[in-house]
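Below is one structure; the comments refer to it alone.
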Amino acid sequence: MSLNVGDIFEGIYQLEARVQEGDGELISRWRADDITAYRRAEVLIDTLPRAHDPLLYWFGKIEGLRKVGQSEEGVCRYFVWELDKAQSLLPMNAMELNEREKQKLDELLDALPVAAHETILADTLPEVCRTETGEMLVFYRKHEGEITTFKQKQKVRDEWKKNLYQLSQDLTDPLPIATEDSVPEPVSSTSTKWSLLTIGFGIILVLVIYQTMPPKPSANLISFQRSLDRGIAEAKKGSYESALEQFKTAAAAPEDEETDARLDSLAARYRERAQRECARYQAAGSANLYFIPNQYYQYAAVLSRQPTPEICQ
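Residue 441 in the numbering used here sits at position 51 of the sequence shown, with consecutive numbering throughout.
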């Protein structure tokens with residue numbers, strides 16, 4: 391779908407004017423009005439042509455970047471900037487990074503939020519975008535429904551780093567030049583023996599890895615994750631009582647490093663959302679809507695196993 395002046399983009403932004411024309415893989419920039427704001431708020435929106443991907447997530451904090459999303463109707467990813475803080479954000483590859491920037495990217499990859507019931511795969515490399523000031527945004531894919539351990543996820547992250555930088559090295563290394571002397575030598579019986587020995591060692595290594603693989607998740611962990619997922623789904627639908635019951639069931643699970651980390655992470659997200667909603671309604675003088683942030687405060691209290699929730703004053 392082509393975008394035009396006057397269109398309502400994603401039901402939130404009214405496009406005022408095209409600032410920069412994109413072509414193919416290039417970003418287009420629009421000046422737009424945020425029509426959900428209590429007062430008129432102008433923003434800049436960058437659109438990058440990309441098919442909608444339900445498995446795609448993103449991570450990174452860039453000053454002035456209000457929102458990142460995908461538009462299924464517009465067939466693009468989009469970036470919403472504060473009007474006076476907009477930067478250029480362009481796709482890049484790891485060969486463009488110096489050592490300090492590689493370390494920064496490594497830290498971003500290690501910090502990607504992946505829950506216990508979510509899986510990341512080594513063959514779906516993340517994509518990296520960077521601003522002119524060196525700030526980075528990572529796009530990556532994850533799958534739901536399969537519980538994996540922290541060690542398994544970290545192994546995939548390490549594989550990502552290796553492949554990203556190896557790919558960059560392959561692109562910069564010159565190809566070997568053929569000469570008259572580069573004639574393959576005949577295969578000797580000794581090399582055949584070594585090949586067989588290598589295969590044997592490989593089989594032994596596979597068996598060792600198989601035996602040292604982490605055990606499958608317990609029934610308690612699966613039950614905990616199921617309750618947490620149902621609670622999140624109910625909260626998204628606005629079914630407060632149902633969500634609260636599911637969260638209470640999840641919080642009643644025995645204390646464990648992985649379950650506690652998942653509970654704390656989700657509690658922090660709901661607490662942060664409660665604070666944002668509370669500040670918004672306070673600024674608008676909408677005391678009758680304080681129940682909305684209070685619901686999020688209640689979720690946060692249950693998930694963090696706190697007896698008394700905060701309230702929006």
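Beta carbons: idealized from backbone N, C-alpha and C, even for Gly.
Nearest neighbour of V465 by Cα position, chosen from F399, K638, R456, turns out to be F399. Looking at Y689, E667, A691, the one whose alpha-carbon comes closest to that of Q703 is E667.
The beta carbon of G524 lies closer than 7 Å to those of E491 in the same chain, with the five residues before and after it left out. Taking C-alpha positions only, P516 is separated from T509 by approximately 14 Å. A check of alpha carbon separations from I537 across P481, Q544, I612 identifies I612 as the nearest.
In this structure, K551 is the residue among A640, K551, L473 with its C-alpha nearest to the C-alpha of Y530.
In this structure S632 touches E624 by the C-beta definition: roughly 4 Å separates them, less than 8 Å. Taking a 10 Å sphere around the C-beta of P683, we find 16 or more other C-beta atoms and assign the residue as buried.
The criterion of a C-beta distance shorter than 8 Å is satisfied by F449 and V528.
Per DSSP, S629 has no beta bridge partner at all.
Distance from Y687 to A658 at the Cβ level is roughly 12 Å; contact not present, criterion being Cβ atoms closer than 8 Å. Our two residues, D548 and E497, have alpha carbons roughly 11 Å apart in a direct line. According to the DSSP secondary-structure assignment, H533 is paired through a beta bridge with T509.
Taking every protein chain shown into account, the CB of A512 has fewer than 16 other CB atoms within 10 angstroms, so this residue is exposed.
Taking the CA atoms as reference points, T426 sits about 16 Å from G396. By the Cβ neighbour-count rule, A690 is buried, with 16 or more other Cβ atoms within 10 Å of its own. E472 sits in a strand when the DSSP states are folded into three classes.
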